[in-house]
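Have a look at the structure below, then the notes.
Chains as they are written, first to last, in this note's numbering: chain D, 1 to 265; chain W, 1 to 315.
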């Protein structure tokens, strides 16, 4: 449905991506194309290459081979800061926030940085508390439903709110593509779905294309339009959440679902 | 709130300027040195907010002073405006160069590397006999756009000149603190990774701060050279740097104004201590530092914040 709206032009197109560390192949033969506004879940065991994949897109690792196109622009091997400025943002497995600042200050700084003037003196000539940055910060705080904590020092926040703040800070600059690294890690089972509901509806509102790495298969099934399964550095299944999660190889190698009549794993 | 602070700062500035002719000459000269040194402290505050302490700001102080002294000595050029500007530029260039190295270090490594660089300059100056070795050399009386005051008028001119440069520096640094780069100080101290992921180069921001602190250090040194009328290698010695760090702790990093108040209080305490107990004045200063750290860990500047909090708490 979304593909139809946006035509078949992908926002992200990855071709033959490979990353080797010496003789170790961390990722290979990855070819994926993501249409705008799609929500893609990325699953796989530890060491399967998910994070390597994400890090190559964000510019933290330079691919050994292959190309990455973002909105038709070749970003392969570009420094991460430039990639961020093009409109790709990310959040972290462990929330990366500024613990001694309030939620609002965290957000307003992220907003001001994203909106700063370019050039050599952009950082120095842009005031941090501009009306625009303040409005943007408050809008994002509302969007992520953490306005109750607006003036709370970030180090005092409950785990779930920290995550929301972390993702909010990635979203406040209006990226078009967002990579979420295990958004629910460290969150209790009861809170996971509520957290993801808030996050995903916020991202939908802003029409952001999402790639999220996740270990919890229920979360993946519920929130991903499409799921990529990684094993041994490459994609072994790519389809709708149902297709990928029902794939027998995925069940055997990743999700650990017992085959009917199979022995205990 | 900001306008209230600006108003208070402006009034304090006017008062400081207007009171000078009524004050004894020694007070004016003491205040001139204090306000010249306050620029160096302001530079340290810029670094301090990012969690960086430089034990080598004397490097820039000394370069600013020697730039002025050498120009006067070799060319006979005495215009204070140009001399002080050149002192700031000279120190700024050195800061820009060593900044490539310093910006890669943090914490104790940043502190000690800064100290090492200042001690290199000290060593070079001590060995340079043409520049008077450890004795240094004197700087002739400056002029102000053709105006050549003497005696008491010279003291007042230097004082007002220093005050004017302080005011410009205070306004500019205040604007810097409110900018994106300035407000990234706490974030960099808290979490450099996040700052990088926001799309900002932490190294470049710190490099900028090193240059700002260097320029301020150079301006302070240039003014001190003109006020004292003499330069010597001790201006680059580590105890000079230590003195600036002392004042920074006393002042706190909370506000721009604190640097000036702190520097003035420091000079006053020191001169009274020397006066009252000539042999034990360091002990008095040490006690002041100890009391500051124990009871005012955020410095004199935090007193204003405390008062404001109490005011807000009132119904």
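Heads up, the beta-carbon is just placed ideally off N, CA and C, and yes, glycines get one too.
State the Cα-Cα distance for the pair residue i and residue j, rounded to the nearest angstrom.
i, j, result
"residue 198 of chain D", "residue 183 of chain D", "12 Å"
"residue 6 of chain D", "residue 39 of chain D", "Since pLDDT at residue 6 of chain D reaches only 47, below the 50 mark, its modelled position is unreliable, and no value is offered."
"residue 26 of chain D", "residue 191 of chain D", "33 Å"
"residue 35 of chain W", "residue 232 of chain W", "20 Å"
"residue 122 of chain D", "residue 97 of chain W", "22 Å"
"residue 316 of chain W", "residue 119 of chain W", "This structure does not reach residue 316 of chain W, given that chain W is present from 1 up to 315, and the question cannot be answered."
"residue 66 of chain D", "residue 76 of chain D", "8 Å"
"residue 248 of chain D", "residue 195 of chain W", "42 Å"
"residue 125 of chain D", "residue 176 of chain W", "8 Å"
"residue 43 of chain W", "residue 33 of chain W", "16 Å"
"residue 269 of chain D", "residue 234 of chain D", "Here chain D has residues from 1 to 265 only, and residue 269 of chain D is not among them."
"residue 211 of chain W", "residue 15 of chain W", "31 Å"
"residue 64 of chain W", "residue 212 of chain D", "54 Å"
"residue 193 of chain D", "residue 9 of chain D", "31 Å"
"residue 225 of chain D", "residue 112 of chain D", "32 Å"
"residue 86 of chain D", "residue 28 of chain W", "56 Å"
"residue 164 of chain W", "residue 236 of chain W", "25 Å"
"residue 19 of chain W", "residue 140 of chain D", "51 Å"
"residue 68 of chain D", "residue 28 of chain D", "13 Å"
"residue 107 of chain W", "residue 159 of chain D", "29 Å"
"residue 84 of chain W", "residue 192 of chain W", "35 Å"
"residue 166 of chain W", "residue 213 of chain W", "14 Å"
"residue 102 of chain W", "residue 199 of chain W", "21 Å"
"residue 70 of chain D", "residue 15 of chain D", "12 Å"
"residue 148 of chain D", "residue 142 of chain D", "9 Å"
"residue 177 of chain D", "residue 89 of chain D", "6 Å"
"residue 116 of chain D", "residue 168 of chain D", "18 Å"
"residue 260 of chain D", "residue 252 of chain D", "Unreliable positioning characterises residue 260 of chain D in this predicted model, as indicated by a pLDDT of 48, which lies under 50. The coordinate reading is nonetheless provided below. Cα-Cα distance, rounded: 11 Å."
On the three-state DSSP scale, how would you describe residue i?
i, result
"residue 131 of chain D", "helix"
"residue 60 of chain D", "coil"
"residue 26 of chain D", "strand"
"residue 226 of chain D", "strand"
"residue 135 of chain W", "helix"
"residue 48 of chain D", "coil"
"residue 187 of chain D", "coil"
"residue 98 of chain W", "helix"
"residue 302 of chain W", "helix"
"residue 8 of chain W", "helix"
"residue 233 of chain D", "coil"
"residue 201 of chain D", "helix"
"residue 172 of chain D", "coil"
"residue 262 of chain D", "Confidence is the limiting factor: at residue 262 of chain D the pLDDT is only 39, short of 50, which leaves the residue's position unreliable and the question unanswerable from this model."
"residue 238 of chain D", "strand"
"residue 130 of chain W", "helix"
"residue 141 of chain W", "coil"
"residue 41 of chain D", "strand"
"residue 31 of chain D", "strand"
Quick one: give me the first and last residue of the alpha helix (DSSP H) that residue i is part of.
i, result
"residue 159 of chain W", "151-178"
"residue 271 of chain W", "256-276"
"residue 287 of chain W", "281-295"
"residue 123 of chain W", "107-127"
"residue 242 of chain W", "238-251"
"residue 245 of chain D", "241-246"
Which residues bound the beta strand (DSSP E) around residue i?
i, result
"residue 65 of chain D", "65-70"
"residue 185 of chain W", "Residue 185 of chain W -> not in any beta strand (DSSP E); alpha helix (DSSP H) instead, spanning 185-190."
"residue 218 of chain D", "Taken as a continuous stretch (DSSP letters only), residue 218 of chain D belongs to no beta strand (DSSP E), being part of the alpha helix (DSSP H) at 217-223."
"residue 206 of chain W", "It is not in any beta strand (DSSP E) - residue 206 of chain W instead sits in the alpha helix (DSSP H) that spans 202-228."
"residue 11 of chain D", "10-21"
"residue 210 of chain D", "209-213"
"residue 181 of chain D", "177-181"
State yes or no: is the C-beta of residue i nearer than 8 Å to some heavy atom of the ligand MG?
i, result
"residue 102 of chain W", "Here there are no bound small molecules, and the ligand MG is not part of this structure."
Checklist entry - Is the stretch 154-168 of chain D close to the stretch 101-112 of chain D, with three or more CB pairs under 8 Å? => result yes
Checklist entry - Does the stretch 174-182 of chain W come close enough to the stretch 116-128 of chain W to have 3 or more Cβ pairs within less than 8 Å? => result no
Checklist entry - Hey, which unbroken runs of the alpha helix (DSSP H) at 4 residues or more fall wholly within the stretch 24-88 of chain W? => result 25-48 and 58-75
Next on the checklist: Ignoring anything shorter than 4 residues, give me the alpha helix (DSSP H) runs that lie fully in the stretch 136-167 of chain D, in order along the chain.
Outcome noted: none
Checklist entry - With a cut-off of 8 Å, do at least 3 Cβ pairs link the stretch 37-52 of chain D to the stretch 227-240 of chain D? => result These segments touch.
Checklist entry - What are the uninterrupted segments assigned as alpha helix (DSSP H) that are 4 or more residues long and contained completely in the stretch 75-124 of chain D, given in chain order? => result 80-86 and 103-115
Item to check | Validate contact between the stretch 85-100 of chain W and the stretch 207-219 of chain W using beta carbons, cut 8 Å, 3 pairs | outcome: yes
Next on the checklist: Can you confirm whether the stretch 243-258 of chain W touches the stretch 67-81 of chain W when touching is taken to mean that 3 or more C-beta pairs between the two stretches lie within less than 8 Å?
Outcome noted: no
Checklist entry - Any contact of the stretch 202-210 of chain D with the stretch 16-32 of chain D, i.e. 3+ C-beta pairs under 8 Å? => result No: the two stretches stay apart, fewer than three of their Cβ pairs being nearer than 8 Å.
Checklist entry - Would you call the stretch 216-226 of chain W and the stretch 39-57 of chain W in contact, with 3 or more CB pairs under 8 Å? => result yes
Checklist entry - Taking three-plus beta-carbon pairs below 8 Å as touching, is the stretch 52-67 of chain D in contact with the stretch 134-148 of chain D? => result no
Checklist entry - Between the stretch 137-145 of chain W and the stretch 3-10 of chain W, do three or more beta carbon pairs fall short of 8 Å? => result no
Item to check | Touching by the beta-carbon criterion (3+ pairs, under 8 Å), the stretch 54-71 of chain W and the stretch 235-251 of chain W | outcome: yes
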